[in-house]
Ligand code: E4P
């Protein structure tokens, strides 16, 4: 399973990339707003830190302008994945950008039918938003299970399921159990994977005993 981080905070990305656990990055207009920096500059910078796909989202709603935006974003770096919304214009743009050799992430997916459409449009990634589904009283992971079941019936589908809108570390584990190709998680949810009280206690006990030996390795 690939790990993407869902942030436009360059300091966070650098820190996570240093431990080798990042395969890519996703951003969206809200995350760019939060970062408070010019989008094109931030995307370029992130692309230089993480060699894997870096999603940069279009903001036009019509096909023609969305395609122009997508082409501009794709030119920023080889590893840009242009993000388009799951709308008829978005999927037209997806098809066109893919034909030109670009990676495309289709975002704002909330149903299995939408995921099927994205695969038909040759999306590189489909992003179902599990957290927002949970927030609305439904079961986000049930949608991932449904999409994985459908995609497995059609091995010629090349679209990867990118589980998005992750709210906590357990979402990552659940997505992995379902065989999802990618998760994009906020930094805190990724860091949660490191945590276990027995690791902390065990390390403390080893270090206390080591001190008693009076030895040093260096
Ligand atoms: C995915 O690419 C989106 O940026 C993201 O996961 C949305 O998550 P949110 O529901 O926390 O805004």
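Residue numbers (this note's numbering): 3 to 220.
Note that the Cβ used here is the ideal one computed from N, Cα and C, for glycine as well.
Under the three-state DSSP convention, the category residue i falls into
i           : result
residue 95  : helix
residue 26  : strand
residue 219 : coil
residue 32  : helix
residue 44  : helix
residue 58  : strand
residue 159 : coil
residue 122 : helix
residue 110 : strand
Which listed residue (the options) has its alpha carbon closest to that of residue i
i           : options               : result
residue 172 : 81, 119 and 193       : 193
residue 24  : 199, 31 and 53        : 53
residue 115 : 129, 103, 46 and 106  : 129
residue 55  : 83, 155 and 113       : 83
residue 113 : 144, 211, 106 and 80  : 144
residue 98  : 78, 38, 65 and 155    : 65
residue 161 : 170, 141, 176 and 124 : 124
residue 80  : 206, 174, 45 and 68   : 45
residue 104 : 122, 69 and 91        : 69
Residue burial classification, residue i (beta-carbon count within 10 angstroms, cutoff 16)
i           : result
residue 57  : buried
residue 63  : exposed
residue 167 : buried
residue 187 : buried
residue 107 : buried
residue 22  : exposed
Nearest-angstrom beta carbon gap, residue j and residue i [assumed within contact, 8 Å]
i           : j           : result
residue 28  : residue 6   : 5 Å
residue 85  : residue 60  : 7 Å
residue 136 : residue 169 : 7 Å
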